[in-house]
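Counting in this note's numbering, the sequence shown runs from 2 upward without gaps. Where a beta carbon is used, it is the ideal one built from N, C-alpha and C, also for glycine. Take a look at the structure below.
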Amino acid sequence: MSVIGLVVNPTAGHGRGRAAGRTAHAGLVAAGHEVSDLSGPTLAQATDAARAAAVRGLDALVVVGGDGMTHLGANVVAGTDLPLGVVASGSGNDIARWWGLPVHDVPASLAALGRGLADGPRQVDAAQVRVPGHEAFEWYVGVLSCGIDAAVNARANRLRFPPGMGKYLRALAAELVGYAPYGYRLVHDGTTEEFAGPLVAVANTGEFGGGIKIAPHAACDDGQLEVVWATRLGLARVLALLPRLFTATHLRHEAVRTTTATEVLIAPSAEHGPLPPVAYADGERIGPLPLAVRLVPGALRVLG
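Here is the structure:
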């Protein structure tokens, strides 16, 4: 019998997470596992409970929700031998989809968890992000961004209406009103770029934001980060570029640059433009620039 720690985000997927969590809990018990519900009223409390349970002894940690819950799980188990299972029931589920896991299908998710427990987990890469010069870091497994998309994410999180995608459209309109290209200094594996532009993304998986195909060539187990940025673009050209992010045709745009790297530093460059937005990774707030990113190959064990 396996001891499973379960963390559920009841608000994931506009409320679908609660039902998915109940179904997952019942399914794990029916499969003969001992289940410890580690969910909490806040993500911070759930993280603390999951870390404490991991120290006491678990055979796996399973999270129910979207990319934010996957981020929580990764920050508990990355760099350890404890495997992570994901029951994807959020609004975006970009990470689970990129990992090839079932989405909005609890029975299929439980079947994948069962196979992973029986056959052993697979290893995927994860990235550490820290303030340069500091030892403390946070893990992420999807995409870190610090451009206009991050600014929209932050503004949308502060809005109470309209519901769903309407918040993001309202936030995007507000951010575009005062838009000017941000100033960046980007260092990737020792090469330095300084420029003004609308976005920088450091991707371990290929999609974020509910289907934005920022780095379609990214692989989560190749030991490389995909770095994507765009140089100076005015408002009209940014408006033309944004829809192309959903079809990956932005990579053919003359202003878009890409490279691979294992270590990346992103810092503001005041001489090239205004301060870039606070960075987000896996849809969660990370903090202001400068930030240093380092990829750790095979740092995370995933069930399914």
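Check	Outcome
Nearest-angstrom beta carbon gap, L73 and V8 [assumed within contact, 8 Å]	7 Å
Nearest-angstrom beta carbon gap, D68 and G284 [assumed within contact, 8 Å]	5 Å
Nearest neighbour of A53, chosen from L236, G143, S37 and L304 [CA to CA]	S37
Nearest-angstrom Cβ-Cβ length linking V65 and G22, presumed shorter than 8 Å	5 Å
Whether L304 touches P122 by CB criterion (7 Å)	yes
Nonlocal neighbours in the same chain, by C-beta distance under 8 Å from G134, ignoring five residues either side	none
Proximal residues to A268 (C-beta, below 7 Å), its chain only, five neighbours per side dropped	R186, L290 and P291
Whether A175 touches G184 by CB criterion (7 Å)	no
Inter-residue spacing [alpha-carbon to alpha-carbon] between V265 and L243	24 Å
Rounded distance between the beta-carbons of S146 and F247, thought under 8 Å	Not confirmed; about 15 Å, so no contact.
Where L44 sits in the DSSP three-state scheme	helix
3-residue-minimum beta strand (DSSP E) runs that sit fully inside the segment 157-217, ordered along the chain	183-189, 192-198 and 200-204
When N205, V297, V188 and R238 are compared against W99, the one with the closest alpha-carbon	N205
Touching by the beta-carbon criterion (3+ pairs, under 8 Å), the segment 252-262 and the segment 214-234	yes
Rounded separation between G143 and V77 - CA only	16 Å
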